[in-house]
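S.K.:
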Amino acid sequence: MLGISKMISQSIRIGALGVSLIVSASIANAENWPNWRGQSFDGISKETKLPSTWSDKQNIAWKLPMPGMGSSTPVIWNDKMFLTSVDGEDQVLLCISTE
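In my numbering, the protein residues as written are 27 to 125.
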């Protein structure tokens, strides 16, 4: 059972990282994204000109090595992005400046 849990957590981590990279690419003029699926919990952003496709090389503004797996939604607030991760038995909260 632990193997399945790790696979799911890793998939969520990869997805969260992808979303955070897309969202952070336009963060300078962006609205805050304080919770899962945005301000209204509906997954709708007022931002325009966002990429509709990406890969590990296309439409990626930057990448960040994580200390371990994570499964939370990235939170964007002003010029900060908050992510969670696990490092061994420790839970980690990362605050990344977009400036």
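Note that beta-carbon positions come from the ideal geometry of N, C-alpha and C, so glycine has one too.
Spell out the partners DSSP gives T110 in its beta bridges.
M.R.: For the purposes of this step, residue 110 is identified with residue 84 of the sequence shown, where counting begins at 1. Answer is L119.
S.K.: Using C-beta distances below 6 Å, list every residue in its chain close to T79, excluding the 5 sequence neighbours before and after it, in chain order.
M.R.: For the purposes of this step, residue 79 is identified with residue 53 of the sequence shown, where counting begins at 1. Excluding residues within five positions, none has a Cβ falling inside 6 Å.
S.K.: If contact is defined by three or more beta carbon pairs under 8 Å, each pair taking one atom from either stretch, is the segment 105-119 in contact with the segment 62-79?
M.R.: no
S.K.: For a quick check, are the C-beta atoms of I122 and W59 less than 8 Å apart?
M.R.: As a first step, residue 122 must be located in the sequence shown, where it is residue number 96. As a first step, residue 59 must be located in the sequence shown, where it is residue number 33. Not in contact: I122 and W59 (Cβ atoms no closer than 8 Å).
S.K.: Looking at the unbroken beta strand (DSSP E) that takes in W103, where does it start and where does it end?
M.R.: For this step, residue 103 is matched to residue 77 along the sequence shown. Taken as a continuous stretch (DSSP letters only), the beta strand (DSSP E) holding W103 covers V101 to W103.
S.K.: Report buried or exposed for P100, applying the criterion of at least 16 other Cβ atoms within 10 angstroms of its Cβ.
M.R.: Along the sequence shown, one-based indexing puts residue 100 at 74. Here P100 is buried. Its C-beta has 16 or more other C-beta atoms within 10 Å.
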